[in-house]
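Asker:
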Amino acid sequence: MKILSKLLKMKELLKFSIVGASGIFINNIFLYIFVDKLKIPLEISGNVSIFLTIFYVFLLNDIWTFRNRKKSKSVIVRILKFYISRIFGWVAHILILISLTKIGLFYLLSNIIGIIIAFIVNYITSSKWVWQ
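This is how it looks when you write it as structure tokens:
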């Protein structure tokens, strides 16, 4: 049973990683459009991009990654918990994005670094709290 449980956790982590990787792509597209095409300041563009990407990632995780988990809460409760669980990752992400860009790193590369830093916290909070 322990082996089966570990395999299921590994499968979840793999799915979570795939969703996260697609989220990196989506987030960078949003950020590029807002910054380069719409000329919205980086601080605003970064936050809006993160907000929209969190919604996208929630939907994929809810219908695919954690679909086999019993969902005792409504979708509204789960999405609120998901956004709350992202606060620490969101703050780290935006601080890294802005800080690294201000010291001269290309903003899309700064964005990817911020996303990577937030990944571990996001998985732990999702697995242990949102889809417990």
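According to my numbering, the sequence shown is numbered sequentially starting from 2.
Just so you know, even glycine gets a beta-carbon here, dropped at the ideal spot from N, CA and C.
1. Distance, Cα to Cα, Ile-51 vs Ser-111?
2. Return the residue from the list Asn-69, Leu-81, Ile-34, Tyr-57 that minimises the CA-CA distance to Gly-47.
3. Express the C-alpha separation of Lys-103 and Arg-70 in angstroms, rounding to a whole number.
4. How many whole angstroms separate the CB atoms of Ser-23 and Ser-86, which I take to be in contact at a CB cut-off of 8 Å?
5. State yes or no: is the C-beta of Arg-79 within less than 9 Å of the C-beta of Phe-56?
6. Check this for me: beta carbons of Asn-62 and Phe-83, under 9 Å apart or not?
7. Rank Ile-64, Ser-75, Ile-27, Trp-65 by C-alpha distance to the C-alpha of Val-49 and give the top, closest one.
Answerer: Judging by the given coordinates:
1. Position 50 of the sequence shown holds residue 51. Position 110 of the sequence shown holds residue 111. The straight-line gap from Cα to Cα measures roughly 13 Å.
2. Counted from its first residue, the sequence shown places residue 47 at position 46. Gly-47 has its Cα closest to that of Ile-34, out of Asn-69, Leu-81, Ile-34, Tyr-57.
3. In the sequence shown, counting from the first residue as 1, residue 70 sits at position 69. In the sequence shown, counting from the first residue as 1, residue 103 sits at position 102. C-alpha separation (whole angstroms): 42 Å.
4. The residue labelled residue 23 in the question sits at position 22 within the sequence shown. The residue labelled residue 86 in the question sits at position 85 within the sequence shown. Not quite, the Cβ-Cβ distance comes to about 19 Å (not below 8 Å), so this is no contact.
5. For the purposes of this step, residue 79 is taken as residue 78 along the sequence shown, with counting starting at 1. For the purposes of this step, residue 56 is taken as residue 55 along the sequence shown, with counting starting at 1. No. Outside cutoff.
6. As a position in the sequence shown, residue 62 is number 61, starting the count at 1. As a position in the sequence shown, residue 83 is number 82, starting the count at 1. Yes, the pair counts as a contact, with Cβ atoms nearer than the cut-off.
7. Here residue 49 is taken as the residue at index 48 of the sequence shown, counted from 1. Comparing Cα-Cα distances from Val-49 to each of Ile-64, Ser-75, Ile-27, Trp-65, the minimum goes to Ile-27.
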